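Notes follow the structure.
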Amino acid sequence: MHIPENYLSPSTCAVFDVAMIPLWGYAVKKVRETVPREKMPLVGIAAAFCFLSMMFNIPLPGGTTGHAVCGTLIAILFGPWTACLAVSIALIIQAVFFGDGGILAIGANCFNMAFALPMAGYAVYRVISSRIEGRTGELVGAGVGSYLGLNVAALLTAIEFGIQPMLFTDAAGAALYCPYPLSVAVPAMMLGHLTVAGLAEVVFTVGILAFLRSAVPSFGIEAPSSGEKIAPAVALVAALVIASPLGLLATGDAWGEWGLEDLAEMVGFEPAGLATGWEWSSFMPDYSVGALPEAAGYIVSAIIGVALLVIIFRLAAGTLKPAVDFD
Amino acid sequence: MPGHGDIPGWLAKPQSFEPIHDRSAFATRSALSVTAVLRQLRLDDGRPSRFSASAPVKLALALGAIILNSLATNLMVTLVLLAFVLVRAALLPRRALARFAAVAASAAMLAALLALPAALIGQSASAIRLGLKALVSTGLAMEVALTTPAAELTGGLRAFRVPNLAITTIDLALKNIVLLGDCALETLTALTLRSVGRDADKSASLGGVAGTLLVRASRAAADTYDAMRCRGFEGDYDREAQVRLGADDAVWIAAFALFATMFLHLEDII
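Read top to bottom, the protein sequences are chains C and E. Our numbering applies: residue 80 is where the first sequence begins, and numbers increase by one. Our numbering applies: residue 888 is where the second sequence begins, and numbers increase by one.
Structure, rendered in C-alpha cells:
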C-alpha cells in the first residue's frame, strides 16, 4: 500500500502533501492536549508495532503481497490523532531510510494509512464498542474497525493510482505515471485487501490489543499510569523484531510497488514520468543491509526503525507539559 | 520647610532619559555560551545500567568500535553499529537522551555539511555516509560518557597506562569546570552591571575576565589538591587500575569479537 516514487504525478503528490500539513498541525495540537507526558514513550512503542507489522509481507491472491498497518490499534490505545502522528512518523522513517514508499508521495501515503485508516477504523470501533459492553465489545470493535479501516486506505490508494492514466497522458495517449486505470486498480487492490491483508490487520490488531490489555493494562491513554512495568510490551516488540524475517517468505512485489523494468514488462512500455522522475536513494533499500544475509539485514533494519521511533517519541515527551501543574 | 507650591524649578522640569544603546554583545553572548556549556556539563554524572561493562572495558570497546567504524569502507559496518547505538540511546534516561540527540545530531549534520560539495557534484551517498559515521562515532562516545560516572571514567584510564599526573589533571579539571563556569558567569554579570553608559570597547575586558578566572582556577585546583592530599590521596590511581572482568564484561567482549569478525569478513580481510 506504500505508493512508490513517481507512480503519482508531482501535482497529485503536491495536493496530498499540502493537505497533510494542517492535519499534522492539528494532530500535534491534539496530542499535546490529550496525551500525558509519561504516556509518550508508550506511543513510541505503539508506533513500533505499526512499523513492524508493515514489515510482515503476506502473499495475496494474484501473486502480489500486502501487510497490516495497525493504525486502528494505535487509535484505540491513544486516540485517532495520535495514531495519525505515529503512523506518519513510521511512514516517513520507512521512506527516508528504507525506500519503502516515495518521498514525494509521503503526503499521499500518510493521508491513506495515517489519516483515513485510523479515523475510519476508530469511528467503527467506537460505534461497536458502545453497543457491545465489556472486553468482547472492545475486541469485536477493534477487529471490525481495523478491517474496514485497512480497506478504506486500500480503496483510496487504488483510486489515487487509478486516476493517473485519466489525468496524465502524453500526446500519444500513453500514461505518464501509474498506467492502470480505475477499472484495474480498484479490483486488483481490493481483492487482496478484502481477503488476506484485511484478515492480517484483524489478527495483528486484536492479538496485540488483547495481549496488552491482559499483560500491561496501563498501556493506553485512558488507563491511569500505575507505575507497572512495560516489560511485556517491550518483549513483544523484541519478539516481532526477531520474527520480522518471516516477512521475506512472501515473494513478489505489492500491487503498484513494482520496479520500472517489471512494470515495463507487464504493460509493454515505460511510462515517461516514471522513467525520468526524481528518486531518493535510501541507504537500506527494501530493508536490506548490503552483503548481509537478507534475514540479518531485515532484523538490523527493524531494530533501527523501532529504536528511531522510540527515541523520537521519548524526545517529544520532553516538549510536553508535566502532568502536575506547578502554576 | 517648602510647601507643595515650592518645588524647585529644575525638579518640575519634565525629563525623558533614555540610556543610549550599550554595546554589551560581548558580555551577553559570552554569558550565554558559558551557560550553554554549563548546562551540558552539569549532566555529566553518568549512571551505569544493570548490564553495563566496567569502565576500562567500556572505554576499550568503544574506542575499538570507533576505530572500526572509521576504517570501514563497507557501509554495513556503520549500519550495524548504528542499530546498536540507537537501541542503547533509546534506553537512556530522558535528559541523557536529549543530550545524546543534540550532540550526535549536531556532529552528523556538521559532517554532512562538510561533505555538501560532494553532494553537489552528484556524490550525495558520500555526504550521507560521512554523516552516519559521525553520528555513530559521536553517539558511541556520548553513550560511554552518559553511562559511566566521571570518577570511574578517569580511573578506567589507568588501565591504558595513562600517567597518574594526566589522570589527576583531568580529574581536577572535571571537578572544577562547573565551578569555574559559575565564576565566569558572575564576572560577566558584574561587568555588565558596572559598565553604565556607552562603552564602545567592552571586549577589552576579556583580559580581565580571563585573568580573574585563571587566578580563581589555580586557587581552586590547589585547594582541591590539598584537600585530596589531606584525605590520603598520594597521586596514585593503581587501585582503580586493577581490572577485574565480570560476567557482563565477558559478554560485551564476546559481542565485540563477533562484530570485529563481521568487520573483517565484510572488508574482505578474512
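Note that CB positions come from ideal geometry on N, CA and C, so glycine has one too. Here the structure is a predicted model, which is why all the values come from computation and not from measurement.
Euclidean distance between Cα positions of residue i and residue j
i: Ala93 (chain C); j: Ala977 (chain E); result: 34 Å
i: Ala154 (chain C); j: Ala165 (chain C); result: 10 Å
i: Leu1151 (chain E); j: Ile1157 (chain E); result: 6 Å
i: Val295 (chain C); j: Leu1033 (chain E); result: 30 Å
i: Ala202 (chain C); j: Val379 (chain C); result: 36 Å
i: Gly241 (chain C); j: Pro260 (chain C); result: 4 Å
i: Ser957 (chain E); j: Ser361 (chain C); result: 21 Å
i: Leu325 (chain C); j: Leu319 (chain C); result: 10 Å
i: Asn1051 (chain E); j: Leu1044 (chain E); result: 9 Å
i: Ala991 (chain E); j: Glu344 (chain C); result: 45 Å
i: Val316 (chain C); j: Ile124 (chain C); result: 8 Å
i: Ser939 (chain E); j: Ala1038 (chain E); result: 16 Å
i: Gly397 (chain C); j: Ser917 (chain E); result: 27 Å
i: Gly1026 (chain E); j: Ala970 (chain E); result: 11 Å
i: Gly33 (chain C); j: Ser920 (chain E); result: Absent from the model: residue 33 (chain C). The displayed extent of chain C is 80 to 406, so no value can be given.
i: Ile1019 (chain E); j: Ser993 (chain E); result: Looking at the sequence shown, residue 1019 (chain E) is not Ile but Leu. Cα to Cα, Leu1019 (chain E) sits roughly 12 Å from Ser993 (chain E).
i: Leu327 (chain C); j: Thr274 (chain C); result: 20 Å
i: Gly299 (chain C); j: Gly1119 (chain E); result: 55 Å
i: Met888 (chain E); j: Pro895 (chain E); result: Interpretation of Met888 (chain E) is limited by its pLDDT of 49, a score under 50 that renders its predicted location unreliable; the figure taken from the coordinates is listed afterwards. Near 12 Å, if we compare the C-alpha coordinates of Pro895 (chain E) and Met888 (chain E).
i: Asp365 (chain C); j: Thr143 (chain C); result: 16 Å
i: Val1049 (chain E); j: Tyr377 (chain C); result: 42 Å
i: Met80 (chain C); j: Gly1068 (chain E); result: 55 Å
i: Asp341 (chain C); j: Gly186 (chain C); result: 25 Å
i: Arg981 (chain E); j: Phe194 (chain C); result: 29 Å
i: Gln173 (chain C); j: Val974 (chain E); result: 17 Å
i: Val389 (chain C); j: Asn85 (chain C); result: 30 Å
i: Leu156 (chain C); j: Leu291 (chain C); result: 10 Å
i: Gly331 (chain C); j: Leu339 (chain C); result: 14 Å
i: Gly271 (chain C); j: Gln243 (chain C); result: 21 Å
DSSP three-state assignment for residue i, whether helix, strand or coil
i: Gly71 (chain C); result: The requested residue 71 (chain C) does not occur in the structure, where chain C is confined to residues 80 to 406.
i: Thr248 (chain C); result: strand
i: Ala106 (chain C); result: helix
i: His1152 (chain E); result: helix
i: Met888 (chain E); result: With a pLDDT of 49 at Met888 (chain E), under the threshold of 50, the modelled position of this residue cannot be trusted; read the value that follows with caution. Coil.
i: Ser360 (chain C); result: coil
i: Ala302 (chain C); result: coil
i: Asp1136 (chain E); result: helix
i: Phe190 (chain C); result: helix
i: Met80 (chain C); result: coil
i: Met198 (chain C); result: helix
i: Val1023 (chain E); result: helix
i: Val389 (chain C); result: helix
i: Val295 (chain C); result: coil
i: Glu905 (chain E); result: coil
i: Pro115 (chain C); result: coil
i: Asp1123 (chain E); result: coil
i: Ala30 (chain C); result: The question about residue 30 (chain C) has no answer, for chain C in this structure spans 80 to 406.
i: Ile100 (chain C); result: helix
i: Val1031 (chain E); result: helix
i: Asp179 (chain C); result: coil
i: Pro324 (chain C); result: helix
i: Met345 (chain C); result: helix
i: Asn1051 (chain E); result: helix
i: Thr398 (chain C); result: coil
i: Arg1116 (chain E); result: helix
i: Leu1072 (chain E); result: helix
i: Pro895 (chain E); result: coil
DSSP bridge partner residues for residue i (one or two, in chain order)
i: Pro138 (chain C); result: C:Thr144
i: Ala254 (chain C); result: C:Thr248
i: Ala333 (chain C); result: C:Thr144
Any non-hydrogen atom of the ligand ZN within 8 Å of residue i CB
i: Asp1110 (chain E); result: Among the ligands in the structure shown, none appear at all, so the ligand ZN cannot be discussed.
Touching by the beta-carbon criterion (3+ pairs, under 8 Å), the stretch 82–96 of chain C and the stretch 124–138 of chain C: no
Contact between the stretch 166–186 of chain C and the stretch 218–236 of chain C (3+ Cβ pairs under 8 Å): no
Meets three-Cβ-pair contact criterion under 8 Å: the stretch 254–269 of chain C and the stretch 122–130 of chain C: no
Contained alpha helix (DSSP H) runs [length at least 4] in the stretch 932–1020 of chain E, N- to C-terminal order: 942–958, 962–977, 981–1001 and 1003–1007
Touching by the beta-carbon criterion (3+ pairs, under 8 Å), the stretch 244–253 of chain C and the stretch 322–336 of chain C: no
Start-end ranges of the alpha helix (DSSP H) lying completely within the stretch 257–289 of chain C, minimum 4 residues: 261–271
The stretch 359–373 of chain C in contact with the stretch 108–116 of chain C per 3-pair CB rule at 8 Å: no
Stretch pair the stretch 1073–1080 of chain E + the stretch 1044–1061 of chain E: three plus CB contacts closer than 8 Å: no
The stretch 206–213 of chain C / the stretch 273–290 of chain C touching (three or more Cβ pairs under 8 Å): no
Segments of 4+ residues assigned as alpha helix (DSSP H) that fall wholly inside the stretch 205–251 of chain C: 213–241 and 243–246
The stretch 144–163 of chain C / the stretch 191–207 of chain C touching (three or more Cβ pairs under 8 Å): yes
Three CB pairs or more closer than 8 Å across the stretch 893–904 of chain E and the stretch 997–1017 of chain E: no
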